[in-house]
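Just so we're aligned, residue 3 is where the sequence shown starts under the numbering used here, counting upward by one. A virtual CB, placed ideally from N, CA and C, is assigned to each residue, including glycine. This one's a predicted model, so the numbers in the text were calculated from it and none came from an experiment.
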Amino acid sequence: MVTHPNPQLVELPKQPLSARNLVGGQWIAGSEPSRQLSSPYSGEVLGTIHPASLAEADQCVAAASSAFDAWRQVPAKERAAALLKLREVMLRDIEKLSHSAARESGKLVGEARAEVLKGVEVLEFAASLPNSDLGGALEVSRGVTCEYRREPLGVTVGITPFNFPAMVPMWMIPISLAIGNSFILKPSDKVPFTATLLGELIQEAGFPAGAFSVLHGGREIVEHLARHRTVAALGFVGSSAVARAVYTAATGSGKRALCLGGAKNHLIVAPDANPAVTVDGVVTSFTGCAGQRCMAGSVMVAVGEVEPLLAQVESAAAKMRLGLDMGALIDKAAHTRLTAAIERAVRDGATLRLDGRKCPAPAGYPGGNWLGPTIIDNAQPSMQSACEELFGPVLTIVRVKTLDEALALERSSRYGNALSIFTTSGAVARYVADRASSGMIGVNIGVPVPREPFSFGGTKESKFGTGDITGSGGVELWSNRKKITSKWGLQPDKNWMS
Ligand code: NAD
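In C-alpha cells:
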C-alpha cells in the first residue's frame, strides 16, 4: 500500500472495497459479472463493483414501488425530520464521505469535502420544503376555492456521472425523497463506492426499506430503467450523447425526464479585467477537479490586448503541483484521450503554451493518471480543443478583437452550460450577461454554480428537458401540482363560475 504524507491524497483502504446493490433495504451482490476498479492516483486495486442484473433491477423497482405507497403517507414534516437526521450523520461522517469521493474519482480531499457540503446544502433546502412550499389556495369566484398541493410522482431514478460521486446524487436524492417519492440511484460504474456510504447513512437516518435504493451497472441497466413502466421520473447527469439517448428513451416511454449533458464553457476576458481576480478565476476554473467538471472553463476568449494577463495565467498554472494543488484524471482512457487532443491541437496549428504532460507525478504515485495544467494558445474557433468537450485540465485560448466576436463564439457553441465574463465594467458585464446563450453566467467568477435555492442547469446540448435540477427546479421536477376546486354551498350572488 502506498502511503503519502500529503493530506490532499487519500490512502488506499485497508481492505479492498465492495460496491453492492441496495434492493428493498438489503445489500446484495448483483449477479452480473463483477469488475475490479483501480485508484486514479496510483493504478492499484481499489475494490470490486457487483453490477445488478435486469431481474434484480425489476425487484428493486418493485420494492421501491411498495415503499412509495407508505412513504408518501408520511407527513411532510416527518419526512423532513429524516432528512435532518441524514444531514447530522453526513456531517458526522464528512471525512469518510469526502475521502471516499476523492479516492475513487481522483480529486483532492479538499475538493471532495466541498462537494459533500454542496450536497448537504441541497439537503437543507429539501428539509425546508414543508415550511416554504405550502401549496396555495384562493377564492377564485364567489364561494369557489382553488387549491393546489404538491404530490409525489412514484418511483424516481437518478443516473449520475463519475466526477462528483457525492454531490450529483445529492442534487436529486433529498428533494425527491422530501416530496414523498422513492428514489433509485444508479451511480457511475467508475465511482460506485461513495454511493454505498450514502446508502448506509440513509438507512441509519431512518428512511424505510425501499425508499432509497442503489443499483450498479452500465448502459443495459440505464436503458432498462429509462423504459421501465413503473418508473415515473428520471434525472440524468453525464455526457451529452448519453443524456440525449436517455432522455429520448425515458420521454418516449411516458416519463418525466431531465437529462443534463456535457459542456464547453467560455471565459471571456476583457482588456479592463482585474488581473488578480481574473488569474485566480481562470486558473481555478480550468484546473479545479483536474478540469473534470461540467462548470470548468475550458475556452478563454481573450478580447483585444490582454497578453500581460495571459502571461500571469500561464505562470500561476505552471506553479501547480500534482497531488497537492490538482488531482488525477479518472482513468487511463481519459489520459490517452487528453494527450491525443493536445497533440492534435499542435498539429492543427495552435501553440502549446504550457505542456501538462511534463508535470511530474507526486512522489509515491507513479502509476496514476496524472496530467498537469495545459494551455493551448492561438487556437481557431473550429479546432477540436476550442469547441469539443475535452474534460481535463486543458485551457484553450482563442483571441478575438471585440466583445461581439467573443459573444458570437459562445453563441455558436453546441453546449450552453456556463459563461464567465471578467471585466471591471458593469456595463460590459451586463452587455455579455444579456446576450450570452448559456444557462449560468458568471461575472468575475470562473465557476458560476448557482447555490440553493437557485437551480442548476444549462441550455442547448448541456440539457435535455425543461426546468432545472436542484432548488425550485428540483421541486418541479420531482412533483406534480394537484389542483382542487371546491364549492360548499350555493351563493346568492352567484356568477358565471359559481
Ligand atoms: P457518462 O455519460 O459516460 O456517464 C454518465 C452515466 O451514464 C453513468 O452512470 C454511466 O454509467 C451511464 N452510462 C454511460 N454510458 C452509457 C450508455 N451508453 N447508455 C446508458 N448509460 C450510460 O458521463 P461521465 O463520463 O461519467 O461524466 C462526465 C460527463 O458528465 C461530462 O460530459 C460532464 O460535462 C458531464 N457532467 C455534466 C454535469 C451537468 O450538470 N451538466 C455535471 C457533471 C458532469
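Is residue i near the ligand NAD, judged by its Cβ being under 7 Å from some heavy atom?
i                 : result
lysine 188        : yes
isoleucine 175    : no
glutamate 149     : no
valine 159        : no
glycine 264       : yes
valine 248        : yes
glutamate 391     : yes
lysine 192        : yes
arginine 258      : no
cysteine 291      : no
proline 9         : no
phenylalanine 70  : no
phenylalanine 458 : yes
asparagine 446    : no
cysteine 62       : no
valine 402        : no
phenylalanine 166 : yes
arginine 221      : yes
asparagine 371    : no
serine 1          : The displayed coordinates of the chain run from 3 to 500. Any statement about residue 1 would go beyond what the structure contains.
serine 422        : no
cysteine 361      : no
valine 239        : yes
Using 8 Å as the threshold, is the C-beta distance between residue i and residue j below it?
i             : j                 : result
cysteine 291  : lysine 109        : yes
alanine 275   : threonine 50      : no
arginine 339  : glutamine 386     : no
alanine 503   : alanine 180       : Here the chain covers residues 3 to 500 and nothing more, so residue 503 does not appear.
leucine 326   : phenylalanine 195 : no
glutamate 153 : serine 481        : yes
tyrosine 249  : phenylalanine 466 : yes
threonine 147 : serine 457        : no
alanine 84    : alanine 207       : yes
glycine 240   : proline 163       : yes
glutamate 463 : arginine 413      : no
aspartate 333 : threonine 353     : no
Using DSSP's beta-bridge definition, name the partner residues of residue i.
i              : result
glutamate 149  : Ala139 and Ile486
histidine 268  : Val301 and Leu421
alanine 21     : Ile51
isoleucine 399 : Met302
glycine 201    : The partner list for glycine 201 (beta bridge, DSSP) is empty, contrary to what the question assumes.
arginine 359   : Per DSSP, none; premise fails for arginine 359.
aspartate 379  : Thr353
arginine 74    : Per DSSP, none; premise fails for arginine 74.
Could you tell me how far apart the beta carbons of residue i and residue j are, in whole angstroms, since I believe they sit closer than 8 Å?
i              : j           : result
isoleucine 471 : leucine 262 : 6 Å
glycine 329    : glycine 45  : Actually they are not in contact, since the Cβ atoms of glycine 329 and glycine 45 sit about 14 Å apart, beyond 8 Å.
alanine 259    : glycine 460 : Not confirmed; about 16 Å, so no contact.
proline 167    : alanine 103 : 4 Å
valine 91      : leucine 203 : 5 Å
query: Counting Cβ pairs, one atom from each stretch, are 3 or more of them under 8 Å apart for the segment 226-233 and the segment 155-167?
result: yes
message: Does the contact criterion of 3 or more C-beta pairs under 8 Å hold for the segment 392-400 versus the segment 281-288?
response: yes
At least 3 beta-carbon pairs within less than 8 Å: the segment 206-214 vs the segment 20-39: yes
- prompt: Taking contact to mean at least 3 C-beta pairs separated by less than 8 Å, is the segment 96-109 in contact with the segment 185-202?
  reply: yes
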